[in-house]
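Heads up: the structure comes next, in structure tokens.
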Amino acid sequence: MPVPILAARDIHKSYGRGATRFDALKGVSLDIQQGESVAIVGKSGSGKSTLMHLLALLDNPSTGAVELSGRDASSLNGKLVNQTRNETFGFVFQQFFLTPNTSVLDNVTLPLQIAGIRGAERKRRGMAALEQLELADKARNKATDLSGGQKQRVVIARALVNNPSVIFADEPTGNLDSATGKVVEDILFSLQEEKGITLIIVTHDEDLAARCDRRVYIRDGLISDTLHAAPAAPIAQEVRA
Amino acid sequence: MNAFDLIRSAVKNSLRSKTRTTLTVLAIFIGAFTLTLTSGVGTGINQYIDTMVASIGADDVLTVTKAAEDTGDGPVEYDPDTTTVAAAGPPGTTVVTLSSADLDTIGDVDGVLSVEPQLRVSPDFVRVDGGTAYEASVGSFIPGMALDLAAGAEPDSASDAYEVAVPVSYVDALGFTSDADAVGATLTFGVMDVAGTSSLVTATIVGVAEEGLVGSSAFTANEVLTEALYDTQSVGLSESSKDSYSSAVVRFDETGTDADLTALKDSLAELGYTGTTVQDSIGSFKAVIDGIVLVLNAFAVIALLAAGFGIVNTLLMSVQERTREIGLMKAMGLGGGKIFGLFSLEAVFIGLMGSAIGVGVGMLAGAGANAVLADTLLADLPGLTLVAFDPAALATIVLTVMGLAFLAGTIPALRAARQDPIESLRYE
Ligand SMILES: Nc1ncnc2c1ncn2[C@@H]1O[C@H](COP(=O)(O)OP(=O)(O)OP(=O)(O)O)[C@@H](O)[C@H]1O
Ligand SMILES: [Mg+2]
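Chains as they are written, first to last, in numbering that gives the first Met the number 0: chain A, 0 to 240; chain B, 0 to 427.
Here's what the structure looks like:
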């Protein structure tokens, strides 16, 4: 087995303390290989977003470790973690998080701006990402003036503008009608196929989950089930955790 | 994020909430505007004093008086052998007079080139050709002094002829048609001696002097005229009274250093004399002006401090509003230092706007006030520009305000920099 690009080692995450203490994750272990697509599926409040944030190095587990290419993330310095999130990861959050009163293009190029890439290059790459999502004609519009589906596509353009090797997507199709949702899914999976991008998708949607190489079911902060997709895995069988 | 993007974003963000930024800028504007005017008045008056000091000139002259005994230890016992005269200064100030013997002692001090008694002459009146008589005061012309002349020349101290310069305010009253008309005319002084006998002394008008801040409306006589007036008014005085002077004028080598001057003053002090240069007496005047300006500036600075809290408030609101944006940027790898920079630059930019506008409008207002005052309130003080601007002082104001804004910005900027990205992203 190659070294997984991301791995969770028995992670626990609790919020609050004393009477209000809540254990969102109660010992989750998971290996994610480069180029793999993983769906994290579960009911609302089961800890899916929490797990995704921990894997994305946005938060620290209470106990246990997240490993980035085999290295314990807690041993990495802040600058390297920032750089990894900026250059290696792309994010689609559960909400859009578009900056109001700012153009679509500026919203999309935010990760490049943070990376310190200069104006002209930034614009070129931002336009390329927008074209890929068929939004080039909206580049000059204010982000807040777009429809819900258009906003979702802007958010995806922002996630892939920096050519990441891992994309984290929290409910990428949750806000969309099924037709637009299908378009967004197709874009994500074609990126995985063409560029070997690792996809980590949090979703309620069984159809979307079924398109992933692996489905990880979470219930009450624990992995309850892992399913491998039939065509990708040579031996199609259910693995009970 | 590179420096250019940081500055661009900071400027853009500060303009996002226009009303809020405008109000904060207005508060800073008021402080910076006031500070510009008060420091401008300080600069203006001090510049004027400096030119006055230069026009009085006589850099190589000390006025020497005999120091009255220190009264700090209580009343001084009367000594019938000393005489005192009323001296210039606050009412009640008396100095012990100087005699010829004192002058000789002073003349022997190291560094003294020459010593002359300062003769106080007080004619009863001046007039021209039997015309109206006016009261007048007379000062003597010390070589090295530069009169600000409206016409003619300075009285010649080497001349044997009686020469006088008249103040410009007497030109009309004495019946001349113009400043130039006065030059060459004969002026008559009426002097009364101790016995009450009036006598007349005539002198030639050689120049017309502009009024200044110092010795504004005095006639300036050359040495021989001063002596003649003194002799006339002293007829009937005993030799010892005639031989007592309130002060003496000492010349020293003006090429010497400040240390030499201090040494000279010290040696005079050891012998019981006090030496004062023109700079010394004007210097205390400047200290008063500086004190007043300092108080005014303090008020302006208080206004600026209040504006500083306005900046804190504005930026705290801005941080609050942009919680999710900050969280997103942090999630995408923007370091805390850069977030701090983003918000403190925003504060500095607000400070720059307020202070630049304040200084600009302050300069315009100062120029306007100068134009109005020059023809009205200050018409009698030609050469006084009430509000003058020193580029270094103005730059200091702008930089100080920007520094203050930066300090005010650190509180919200630190709060933004420390935000937890996940909490910010969960913020509704
Ligand atoms: N900061 C927090 N403080 C307290 N509890 C929290 C905090 N963040 C998350 N939780 C709790 O942790 C649990 C898991 O939250 P999480 O956001 O991971 O759910 P989720 O599986 O993504 O649900 P959804 O599908 O509705 O988005 C929830 O019960 C939530 O209330
Ligand atoms: Mg969630």
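Each residue gets a CB set at the ideal place from its N, CA and C atoms; glycine is no exception.
Is residue i helix, strand or coil when you go by DSSP?
i: Pro154(B); result: coil
i: Ala355(B); result: helix
i: Ala416(B); result: helix
i: Gly350(B); result: helix
i: Gly89(A); result: strand
i: Arg250(B); result: strand
i: Val201(A); result: strand
i: Lys25(A); result: strand
i: Lys42(A); result: coil
i: Val229(B); result: Before going further, note that residue 229(B) is Tyr rather than Val in the sequence given. Looking at Tyr229(B) - three-state DSSP - the assignment turns out to be helix.
i: Leu398(B); result: helix
i: Phe218(B); result: strand
i: Ser16(B); result: coil
i: Ile272(A); result: No answer is possible for residue 272(A): it lies beyond the span of chain A, which begins at 0 and ends at 240.
i: Asp71(A); result: strand
i: Asp144(A); result: helix
i: Val103(A); result: helix
i: Ala364(B); result: helix
i: Ser198(B); result: strand
i: Pro428(B); result: Since the first residue of chain B shown is 0 and the last is 427, residue 428(B) is not available in this structure.
i: Phe342(B); result: helix
i: Tyr47(B); result: helix
i: Met191(B); result: strand
i: Arg425(B); result: helix
i: Phe405(B); result: helix
Specify, as a first and last residue, the run of the beta strand (DSSP E) that residue i falls within.
i: Gln117(B); result: 111–117
i: Asp279(B); result: Careful: Asp279(B) lies outside any beta strand (DSSP E), inside the alpha helix (DSSP H) at 277–320.
i: Lys122(A); result: That residue, Lys122(A), is in no beta strand (DSSP E); its alpha helix (DSSP H) goes 118–131.
i: Leu96(A); result: Reading off the sequence, residue 96(A) comes out as Phe, not Leu. Per DSSP, Phe96(A) belongs to no beta strand (DSSP E) and is neither H nor E.
i: Asp224(A); result: 221–227
i: Leu109(A); result: It is not in any beta strand (DSSP E) - Leu109(A) instead sits in the alpha helix (DSSP H) that spans 109–114.
i: Ser136(B); result: 136–139
Between which two residues does the alpha helix (DSSP H) containing residue i stretch?
i: Asp180(B); result: 178–181
i: His52(A); result: 47–54
i: Val183(A); result: 177–194
i: Phe3(B); result: 2–13
i: Thr104(B); result: 99–106
i: Gly148(A); result: 147–159
i: Glu35(A); result: Run containing Glu35(A): none; DSSP gives neither H nor E here.
i: Thr261(B); result: 257–269
Find the nearest neighbour of residue i within the set the options, judged by alpha-carbon distance.
i: Gly46(A); options: His227(A), His203(A), Cys211(A); result: His203(A)
i: Pro420(B); options: Leu413(B), Met328(B), Gly402(B); result: Met328(B)
i: Asp107(B); options: Leu263(B), Ser121(B), Arg425(B), Ala149(B); result: Leu263(B)
i: Ser266(B); options: Asp49(B), Val63(B), Arg7(B), Asn1(B); result: Val63(B)
i: Arg119(B); options: Lys337(B), Ala286(B), Lys241(B), Ile349(B); result: Lys241(B)
i: Ala184(B); options: Val163(B), Ser168(B), Gly195(B); result: Val163(B)
i: Leu424(B); options: Val37(A), Val153(A), Leu134(A), Thr98(A); result: Thr98(A)
i: Val37(A); options: Gly220(A), Gly15(A), Leu187(A); result: Leu187(A)
i: Gly220(A); options: Lys25(A), Phe21(A), Asp9(A); result: Lys25(A)
i: Ile32(B); options: Glu422(B), Ile396(B), Gly361(B), Ala415(B); result: As written in the sequence, residue 32(B) is Phe, which differs from the Ile given in the question. Looking at the Cα atoms, Gly361(B) is the closest of the given residues.
i: Ala168(A); options: Thr49(A), Glu35(A), Val91(A), Arg84(A); result: Val91(A)
i: Pro110(A); options: Ala26(B), Ala416(B), Gly332(B); result: Gly332(B)
i: Ile275(B); options: Lys17(B), Ala66(B), Gly39(B), Phe308(B); result: A small correction: the amino acid at residue 275(B) is Thr; Ile does not occupy that position in the sequence shown. Thr275(B) has its Cα closest to that of Ala66(B), out of Lys17(B), Ala66(B), Gly39(B), Phe308(B).
i: Arg323(B); options: Tyr426(B), Leu398(B), Ala407(B), Asp252(B); result: Tyr426(B)
i: Val318(B); options: Gly39(B), Phe308(B), Leu341(B), Gly336(B); result: Leu341(B)
i: Leu36(B); options: Ser239(B), Leu22(B), Thr261(B), Phe298(B); result: Phe298(B)
i: Ala149(B); options: Arg7(B), Ile204(B), Ile281(B); result: Ile204(B)
i: Phe218(B); options: Asp374(B), Leu146(B), Ala286(B), Glu238(B); result: Leu146(B)
i: Lys12(A); options: Ile4(A), Ser43(A), Leu53(A), Gly34(A); result: Leu53(A)
i: Gly34(A); options: Ala178(A), Ala135(A), Leu190(A), Asp224(A); result: Leu190(A)
i: Pro171(A); options: Gln94(A), Leu56(A), Ser73(A); result: Gln94(A)
Can you pull the chain D residues whose beta carbon is under 8 Å from the beta carbon of residue i, in chain order?
i: Asn1(B); result: Any reference to chain D falls outside this structure, whose protein chains are A and B.
Could you run through the stretch 62–86 of chain A and flag, in chain order, every residue whose CB is less than 9 Å away from some CB of chain B? Answer set for the stretch 62–86 of chain A: Gly77, Lys78, Val80, Asn81, Gln82, Thr83, Arg84, Asn85, Glu86.
Given a limit of 7 Å on CB to CB distance, which residues of the stretch 88–119 of chain A reach chain B? Contacts with chain B (Cβ-Cβ distance below 7 Å) from the stretch 88–119 of chain A involve Phe90, Phe92, Phe96, Thr98, Asn100, Leu109, Pro110, Gln112, Ile113, Gly115, listed in chain order.
Mind checking the stretch 321–350 of chain B against chain A and listing, in chain order, the residues whose C-beta falls within less than 9 Å of any C-beta there? Under the 9 Å Cβ criterion, the stretch 321–350 of chain B contributes Arg321, Arg323, Glu324, Gly326, Leu327, Met328, Lys329, Ala330, Met331, Gly332, Leu333, Gly334, Gly335, Lys337.
Listed in chain order, which residues of the stretch 31–63 of chain A have Cβ atoms closer than 7 Å to some Cβ of chain B? Listed by position along the chain: His52, Leu57, Asp58.
Can you list, in chain order, the residues of the stretch 398–427 of chain B whose Cβ is nearer than 7 Å to any Cβ on chain A? Pro420, Ile421, Leu424: these are the residues of the stretch 398–427 of chain B whose beta carbon lies less than 7 Å from some beta carbon of chain A, given in chain order.
Could you please tell me which residues of the stretch 4–16 of chain B, in chain order, have their CB closer than 9 Å to any CB of chain A? So the close ones are Asp4, Ser8, Lys11, Arg15.
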